[in-house]
Every structure is written in structure tokens, then in C-alpha cells.
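Counting from 5, one number per residue, gives the positions in the sequence shown under this note's numbering.
Here the structure is laid out as C-alpha cells; the discussion comes afterwards.
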Amino acid sequence: MAPLIYSALIISLGLGTTMTFASTHWYLAWMGIEINTLAIIPLMAQNYIPRAIEATTKYFFVQATASATLLFAGISNAFLTGQWDITYTPYTLTSTLITLALAMKIGLAPLHSWMPEVMQGLNLLTGLILSTWQKLAPLYLIYQIQPNNPNIFIALGLMSIIVGGWGGFNQVQLRKILAYSSIAHLGWMILILSFSPPLALLTIIIYILMTFSLFSSFMLTRTTHINSLSTTWAKIPILTISTPLILLSLGGLPPLTGFMPKWMILQELTKQSLCPLATMAALSSLFSLYFYLRLSYAMTLTMPPNNPAGTLPWRLNPRHNTLPLALTTTSTICLLRITPAVMSLMPF
Numbered sequence: 005m006a007p008l009i010y011s012a013l014i015i016s017l018g019l020g021t022t023m024t025f026a027s028t029h030w031y032l033a034w035m036g037i038e039i040n041t042l043a044i045i046p047l048m049a050q051n052y053i054p055r056a057i058e059a060t061t062k063y064f065f066v067q068a069t070a071s072a073t074l075l076f077a078g079i080s081n082a083f084l085t086g087q088w089d090i091t092y093t094p095y096t097l098t099s100t101l102i103t104l105a106l107a108m109k110i111g112l113a114p115l116h117s118w119m120p121e122v123m124q125g126l127n128l129l130t131g132l133i134l135s136t137w138q139k140l141a142p143l144y145l146i147y148q149i150q151p152n153n154p155n156i157f158i159a160l161g162l163m164s165i166i167v168g169g170w171g172g173f174n175q176v177q178l179r180k181i182l183a184y185s186s187i188a189h190l191g192w193m194i195l196i197l198s199f200s201p202p203l204a205l206l207t208i209i210i211y212i213l214m215t216f217s218l219f220s221s222f223m224l225t226r227t228t229h230i231n232s233l234s235t236t237w238a239k240i241p242i243l244t245i246s247t248p249l250i251l252l253s254l255g256g257l258p259p260l261t262g263f264m265p266k267w268m269i270l271q272e273l274t275k276q277s278l279c280p281l282a283t284m285a286a287l288s289s290l291f292s293l294y295f296y297l298r299l300s301y302a303m304t305l306t307m308p309p310n311n312p313a314g315t316l317p318w319r320l321n322p323r324h325n326t327l328p329l330a331l332t333t334t335s336t337i338c339l340l341r342i343t344p345a346v347m348s349l350m351p352f
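Here's what the structure looks like:
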């Protein structure tokens, strides 16, 4: 793809999300999401291979269905209330339709089935954009239309945590595993959104840090299959240490950064007298922890290293800038110690 076209598409991605963030009108917010969707479709299909074209087609149909539902719900809300204000959705039917349409856009269970299949057909860079940036605008709208009854958010969040963990059990393709990881983490965000929006914001920020670190590690080693993890030591040896730590941080193990949002979410649910819900969420997260441990085990202990012929890859200069990876990896591993400061800033 030509650099000028690529730059225009990246700018359009930013423009669409910014338009949605700045909107208080349903139609303008919908336009921002559509600009975002139309900008990423050429990036998804840039490789001109059948799997990428298939993934792009699936993504287009799912997003078109969700966009049509969202526009219909917005028009219905405007017809019933007489105004297009995003924050004014007093009717249960329209707010539920809007929530389900946005849940389909970001891949929340039970509207998640497109996410692993689409991720499998993309390269890692486009998959990173789909897993992080493309979630921001719909999540912002979900935050704006919080219904009076949080049961729909609780149901969507808990189902996403369970499905995200259960779906990654027998996967060997890293992109599908990352897709189910995204579903599970979105479940934690939606679960707490009705009770503590600042905590949901903290969760998505830490999720983006961890996901960027993991995708960057895999892009640096060009790894897309679980069996390829055993050759990481011959490409960039330091990643043999840092990548398992990133995986365990995604799983939420202390003393890593990923433990912070789960700890605070469980604490907030307990304060809201939702101990059974907190228990179910904590037990369901063990499913996700299993396949993170499986990846870490496959990367470090299971397969003997094979001596590559010729020049060892780590003696060659890397073609990618590794500074962002170093910064995000450090944040992914070492930020748990600032939890007391974060808790003091939270308006509990």
C-alpha cells in the first residue's frame, strides 16, 4: 500500500474516533463510527490473500448489521423523546437495542463469534488496531448511555469473561487466542462500568498497554502459531523472559500490572454487595489464566531449542523500533506498586 494512502487511512481512523468522542448528537456519533469502520477495511484487505479478504468481508457484514441497528435505535429514541442527545435514553427498548448494537461492534458475548475468525485472517498490526483502537468509540457510547438497570451490563460482562476464557482453551493460533483474550478483558470493563466508570477507564488503559506489548513482541519475532514460540530464544533472547511475563500479566497474576484492575474490580463488586458475582468473575478468569500459562509453558519449557543454520538472528540489527515495546513492557510488568496511589485517586 502506498504511504500516502496508508497515512490517509490512519488519519481517518483517528478522525472517526475523535468525532465520536466530541459528539453529543446520535447522528454525528454514528458517522464517526462509520468513518472508523470504512477506514480500517482497506487496511484489513491490503494483503490480497483469500483469508484476509474473507475476514474483511465478515467484518464488513457484521459492522454493517450493527451500524444499521444502532442507527435504527438512535432514530427510534429521537422519535420517542424528541431529541438526539446521546445521554438521554429513557426508554428501555431503545437503550437495550443501542447497547446490543455496540456490543456487536466490539465483540462482546454472545455477539462475539465474528471476532476470532476475523482476527485469524489479519496481520498482527491490523489485529492490534482491531483489538485496541476500534474498541474506543463504541465503549465511549456505551459509557454515555448507561441504563438505569445495570443487569444487561452484568450479563454481557459475565458471559464475555466466561466465553473469552473457555474459547481459548484448545486454540493453537495466537491471533485467535488474542481475540478471546480481548473478549474476556472487555467483559471485565463492561462488568464494572455501571458501578465505577473511572475503574472501567483504568481497566481499558491497562488492557491497551498489555495488548500493545504482546502484539509488538509477536510482530518482532513474526510469530503466529503456538509452536513458533519455542524459536523466540534464537531471534531475540530477551523476549523469552519478557513475553511470558506479559502473558501472565494479561492473566492477572500478582505482582504484575494486570492484577491491579481485577483486584480493584473485585473489591468494588464486593462493596456493592455483589459477592456471588465477584466470585463467579474470579473463578471464570481462571479459564483465561490457563491458556496464558499454556503459552508461557510452550515458550519456555516444553520444546528443546533448535540451533539455526547460518548467522544467528540476534546478531542482526532489528528492523523495528523497539523503544515502544520496551516502555510498554516495563509498564505491563511493574505498575502494580502504584495501586495505592491509583486507589486514592478513584472517587469511590
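The C-beta atom is built at its ideal place from N, Cα and C for all residues, glycine as well.
Reference residue i, options the options, closest by Cα
| i | options | result |
| --- | --- | --- |
| residue 13 | 133, 87, 99, 110 | 133 |
| residue 153 | 167, 188, 195, 125 | 195 |
| residue 346 | 167, 207, 106 | 207 |
| residue 161 | 125, 177, 115, 127 | 115 |
| residue 70 | 348, 77, 105, 165 | 105 |
| residue 340 | 226, 60, 266, 212 | 266 |
| residue 259 | 334, 166, 87, 31 | 334 |
| residue 177 | 299, 10, 291 | 299 |
| residue 67 | 8, 34, 30 | 34 |
| residue 165 | 242, 281, 261 | 281 |
| residue 163 | 288, 25, 243 | 288 |
Three-state secondary structure (DSSP) of residue i
| i | result |
| --- | --- |
| residue 87 | coil |
| residue 116 | coil |
| residue 189 | helix |
| residue 150 | coil |
| residue 124 | helix |
| residue 177 | strand |
| residue 315 | Note that residue 315 scores a pLDDT of 49, beneath 50, so its modelled location is shaky; the value from the coordinates is reported in the next line. It is coil, neither helix nor strand. |
Residue i versus residue j - alpha carbon distance
| i | j | result |
| --- | --- | --- |
| residue 285 | residue 233 | 30 Å |
| residue 182 | residue 302 | 16 Å |
| residue 37 | residue 136 | 14 Å |
| residue 187 | residue 111 | 7 Å |
| residue 77 | residue 325 | 44 Å |
| residue 338 | residue 83 | 50 Å |
| residue 75 | residue 21 | 17 Å |
| residue 197 | residue 238 | 43 Å |
| residue 276 | residue 199 | 8 Å |
| residue 5 | residue 50 | 7 Å |
| residue 231 | residue 251 | 16 Å |
| residue 273 | residue 253 | 21 Å |
| residue 19 | residue 41 | 11 Å |
| residue 53 | residue 223 | 19 Å |
| residue 149 | residue 27 | 13 Å |
| residue 146 | residue 220 | 28 Å |
| residue 8 | residue 292 | 40 Å |
| residue 205 | residue 226 | 31 Å |
| residue 271 | residue 39 | 38 Å |
Per-residue burial, residue i [other beta carbons within 10 Å of its own, 16 or more giving buried]
| i | result |
| --- | --- |
| residue 138 | buried |
| residue 189 | buried |
| residue 81 | buried |
| residue 295 | buried |
| residue 48 | buried |
| residue 175 | buried |
| residue 11 | exposed |
| residue 4 | Since the first residue shown for the chain is 5 and the last is 352, residue 4 is missing from the structure and cannot be characterised. |
Test item: CB-CB of residue i and residue j under 7 Å
| i | j | result |
| --- | --- | --- |
| residue 214 | residue 343 | no |
| residue 92 | residue 85 | yes |
| residue 168 | residue 144 | no |
| residue 131 | residue 58 | no |
| residue 255 | residue 263 | no |
Any C-beta of chain D under 7 Å from that of residue i
| i | result |
| --- | --- |
| residue 200 | No chain D appears in this structure, which consists of one protein chain only. |
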